[in-house]
Structures are given as structure tokens and as C-alpha cells.
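Here the structure comes first, spelled out in C-alpha cells, and everything after it is commentary.
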Amino acid sequence: MAAQQRGRGRVTLTDFEPEFLPVRPEGERIWVVRASGGAYVGHFREHGLMAIGHLNPLGLRQGAISQGTLPNLEALLLRADSERSQGSLTSHANQARTFISGISEGDLIVTLNSGSISVGRVAGDAFISRESLYIYDKNGRSYALEHELRRKVIWGPRLLRTQVPAALQLTLLAHQTVFNIDDYWDSIYHLLYPCFAYRDHLYLSANIKQTLELDNYSLSQFFSMLSAIERTARDLAEGLEVGHTPKRHREDLNLTTKAEFMSPGTIWAQVAMDSQSLLWCAVIYVMLFGGDLKFFKTDGLLDTHTRQKIWDVVIKIVKDFDFSRVQKRLRVDIPRVDTSKIDPPKPKRIRKAKIKRENEPAQLPQEDDPDLG
1 MAAQQRGRGR VTLTDFEPEF LPVRPEGERI WVVRASGGAY VGHFREHGLM AIGHLNPLGL
61 RQGAISQGTL PNLEALLLRA DSERSQGSLT SHANQARTFI SGISEGDLIV TLNSGSISVG
121 RVAGDAFISR ESLYIYDKNG RSYALEHELR RKVIWGPRLL RTQVPAALQL TLLAHQTVFN
181 IDDYWDSIYH LLYPCFAYRD HLYLSANIKQ TLELDNYSLS QFFSMLSAIE RTARDLAEGL
241 EVGHTPKRHR EDLNLTTKAE FMSPGTIWAQ VAMDSQSLLW CAVIYVMLFG GDLKFFKTDG
301 LLDTHTRQKI WDVVIKIVKD FDFSRVQKRL RVDIPRVDTS KIDPPKPKRI RKAKIKRENE
361 PAQLPQEDDP DLG
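Counting from 1, one number per residue, gives the positions in the sequence shown under UniProt numbering.
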């Protein structure tokens, strides 16, 4: 992304690419794979995998799973354990099939114990292994994982269960070992990112950490501020002076919010925008909370004038909506989670571009420029 000046005092953000903002990939799915009531979460994270024991009775050969085995799992399981009910065998067979072929490489995985959830990204196909995997407690005692059906997973952050919204909490109580939670994809992303994009929509996340009663003034100011951020982003994208918004813009504002007003709670917003407005909105929102532009991988790409322009906008919003006071009273903040291990693959990095001033064309660096990534 390069910053570019259009005439005197006007700055635009150009060459928007997903590299600079978390973007949910098309086709990505999200699954829960239980770790036997949480007992094996440590094994999952320590050994970089997920595993279930549904096919242990079959004594399958180690290595890749034969696709020819999948249609016959019920019969094979019945032969290995004739005491099990047909319903139980069918359930185990279906979950094993989902684990093997329903879950795709690159999908997100959630596993959990009583206190936390862990989020990871699938990094390989299913395989059988009978190697026991161990973790050790602080006293040196070992605990083995014997589940044979496994897949490699790159594990990212661990989040407290208390941070999970109520609707998702209820879904996580399901009894299956393997199940899909695509309907709650936005809940997962809101837990991970202060802002993210999907299908021309920008999503904004905020956590209310206040444990006392929430005052209406602070909540009202916060919601009004979100609308002001949208309006300001659209102004900047069109090269308009901030604060001189035409009436048609006010009518076109479409930011919506949903919130859990518990103490603590969450405020989530989404807005449909063109890519230019979307990026302005994201940058302003994160910087309001003292966020760093490194979040957008733009360090060194924005010139001093552009940075100052953004800070001027941020300072105006802080003053107009009494944000310092609101932030203190609500104890509201954005998610600050290290997601670097599970972020979706990025597109090829855009070359660093100099700022275009007046009629001077932007100059691209040479191939041996040390700043090229």
C-alpha cells in the first residue's frame, strides 16, 4: 500500500491489498475438534497436531489413510467392537470421515478445555500413527496421547473461555468430538482481530472490560464515534475535507453493531465499504486505541504527511466524542492477540513506493532495493 497526495492537503491510501488487513479467505471453514474433555490440549499444542481415537480399534496401518477405507468404516468398527450400538458406531464413523476428508488443509480448528480455547490452522492431511506422544508436568510425570488418527496443526493463540460470547459458548457445549462452527466464524475472528475484512465488509472488534455497571453516556458516545469513523473514512476516500460531509453521505452510512452488555462484554460492528474507505476506517479505528501501523504491515510505507493526517483525524475524534473518558469508564480496548502463526497466506508483497507530489510520478524502487520484502 502506498500513500499518495492528491493536490494540496489531500492524502489517499492506494493499492489496497489484503496483505495489510486480515481478510477471511473464501472457502475457509472452522471446526471444533475436542481433546477428550480438554485432557489432551497440551499434547495438541506441544506436538503441533490434533488427534481422535475413533479408529483405534481397527488397527489400521501407519501412514496415509486409504480412501477406500472410508465407505466401510461402520462395518469395520462393528467387526472390531460388536458390543457398541449402531448409533454410536455410525456417529464415530461419520466424525472420522469429517476429520479425514471434510476438514481441509488451511481450515481453522478450535479445541478447548474448561478454562480456554485454542485456535489453530490445519497444516496437513490425515494419517495413522501409533507413536505415543507425551507431555510432562512440573514434577516430571508423563501423560501419553494414544489417539491414532492425527493431522498436523499450526496452533496460534489461547483465549480465555470468559472472553467467548454466550452464543458461541452454548455451541461449544455440543457433545460431538468433531463438529463445524462456520455459523460463528465472525465470533472467532472478532476474538482474534481488532478489525478484519470479508466480502467488501469491514468488521470492528472491541472488548468491554469494566466489571461495574455500564453508563449510558459512555455507550452512546462510543456508538456515535463508530458512525463518525465511518463518515470520516468515506470523506477521506473521496478527498473531502473532514467535517464537511454532504447530506447524502449521512443517509448512506450503513455501519451496524451488535453487543453483549455484560460486564465484561463485547461490541462488534460491521460496515459495507469500497476498499479505499475500508482501509481508512480500519487504520483510524486501530490508531484510536493507540494501535501501531505495524498491524497493517505498512511500517515504512506511509510518509510523514500521511501519518500526521491520520493522527489529526484521530485527535479530532478523541476530542469530539470525549473518547479518553469513555475508554476509561468502559475500560474498552481492542483485541491484542498474536495471530502471526495462523494468519491466512498473504499475497505477494507490494513494492515500496515513494510519495507522489504535485505532478511528479511515483518512482518504484529498483530490484536491489534493501527495503523490498
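Beta carbons are placed, not taken as given, at the ideal position from N, Cα and C, and that holds for glycine.
Buried/exposed call for residue i, threshold 16 Cβ in 10 Å
i    : result
S66  : exposed
S277 : buried
K309 : buried
L372 : The predicted position of L372 is uncertain, since its pLDDT is 32 and thus under 50; a value taken from the coordinates is nonetheless stated next. By the neighbour-count rule (16 or more Cβ atoms within 10 Å), L372 is not buried but exposed.
L89  : buried
T304 : exposed
L170 : exposed
Y285 : buried
A64  : exposed
I103 : buried
I317 : buried
I100 : buried
C-beta contact flag for residue i and residue j at 8 Å
i    : j    : result
I188 : V122 : no
E260 : P165 : yes
I117 : L159 : yes
K341 : G87  : no
P22  : D343 : yes
L73  : A96  : yes
V41  : T111 : yes
L133 : H190 : no
W268 : Y203 : yes
Top-ranked residue by Cα proximity to residue i, from the options
i           : options                   : result
A35         : G124, Q176 and T69        : Q176
L70         : H92, S85, M50 and R84     : H92
L253        : V271, G68 and T266        : V271
R130        : R61, T266, K319 and S340  : R61
L58         : Q169, A75, S227 and H47   : A75
L173        : G239, V33 and P344        : V33
K328        : T211, T256, I100 and L240 : T211
A167        : K152, R307 and Y184       : Y184
F321        : H190, G106 and S224       : S224
F323        : A237, L226 and L49        : L226
V326        : T306, W280, R307 and L288 : L288
G106        : K152, H190, S114 and D137 : K152
residue 376 : F127, G37 and S275        : Outside the shown range of the chain, which is 1 to 373, sits residue 376, and nothing can be said about it.
Chain D within 8 Å of residue i, Cβ atoms only
i    : result
D235 : Any reference to chain D falls outside this structure, which holds one protein chain only.
Is the stretch 175 to 195 touching the stretch 230 to 240, taking contact as three or more C-beta pairs under 8 Å?
-> no
Unbroken beta strand (DSSP E) runs of length 3 or more, entirely within the stretch 181 to 258: which are they?
-> 195 to 198 and 201 to 208
Could you say if the stretch 184 to 202 and the stretch 214 to 229 meet the contact criterion of at least three C-beta pairs nearer than 8 Å?
-> No, the stretch 184 to 202 is not in contact with the stretch 214 to 229.
Give a yes or no on contact between the stretch 196 to 212 and the stretch 329 to 341, applying the rule of three or more CB pairs nearer than 8 Å.
-> yes
With contact counted as at least three CB pairs below 8 Å, one residue from each stretch, are the stretch 147 to 162 and the stretch 43 to 60 in contact?
-> Short answer: they touch.
Secondary structure, beta strand (DSSP E): runs of 3+ residues fully inside the stretch 35 to 75 = 49 to 52
Whole runs of the alpha helix (DSSP H) within the stretch 83 to 124, excluding any shorter than 4 residues | Complete alpha helix (DSSP H) runs here, min 4: 86 to 97.
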